[in-house]
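In the numbering used here, the protein residues as written are 1039 to 1253.
Using N, Cα and C, we set each Cβ at its ideal position, and we do this for glycine too.
Following: one structure in structure tokens, then a few remarks.
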């Protein structure tokens, strides 16, 4: 334990914690239910959030963009659970519109809200979103410890390479069976051909470039 505390106190190191018990389990009990019926339930604001949650996730996994309107209502709520459900559903949907909206919310949140949003986004980050995500994680390189239990392997690899470029040593703790694939992972910022960026990717880079200035 003493060695772990030493790492926490070292400013040039980031301790990454991975606990297998915290991983999200995308069970799909409604996978055979018609999307129309699911949408009616998801859109029913009189139902309690836990009853709507799995339904909204199923719609998002199907790529049903109608769920975005429900998310917009949820993120306007003063209820933290509703706000988090809206963000998680957008992240699972993963469309350009949903991810751009997540970026907007991330930028407008306070530091606590940004950390919550970061974890939600990181739970569904794919290689296509590695570049904007790399700018987001730069805000959290000096926190000492970071729990990445729910993060995708792409998100963890992105964090690792951002740390490497900034001269920060990464130490992994937690799950002894977790072996992150962090070798040879090219961030898009390391690629010299700008033509490989999509138009949407460039828009994302522009919209969150201010985060790099703050880091």
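With a minimum length of 4 residues, the unbroken runs of alpha helix (DSSP H) contained wholly in the region 1060 to 1097 fall at 1073 to 1080. Collapsing the DSSP output to three states places residue 1157 in a helix. For residue 1111, the closest of 1196, 1096, 1123 by C-alpha to C-alpha distance is 1123.
Relative to the Cα of residue 1208, the nearest Cα in the group 1184, 1139, 1105 belongs to 1184.
The C-alpha of residue 1195 lies about 39 Å from the C-alpha of residue 1082.
For residue 1056, the three-state secondary structure derived from DSSP is strand. Using a Cβ-Cβ distance cut-off of 8 Å, the region 1049 to 1059 and the region 1080 to 1094 are not in contact, since fewer than three pairs of beta carbons, one from each stretch, lie closer than that value. Residue 1090 counts as buried, since no fewer than 16 other beta carbons sit within 10 angstroms of its beta carbon. Annotation for residue 1167: 1137 place their beta carbon closer than 7 Å to its own, counting only its chain and skipping 5 residues before and after. Under the three-state reduction of DSSP, residue 1209 is assigned to strand.
In the assembly as shown, residue 1127 is a buried residue. Its beta-carbon has 16 or more other beta-carbons within 10 Å. If only uninterrupted beta strand (DSSP E) runs of at least 3 residues are considered, those enclosed by the region 1173 to 1197 are 1183 to 1185.
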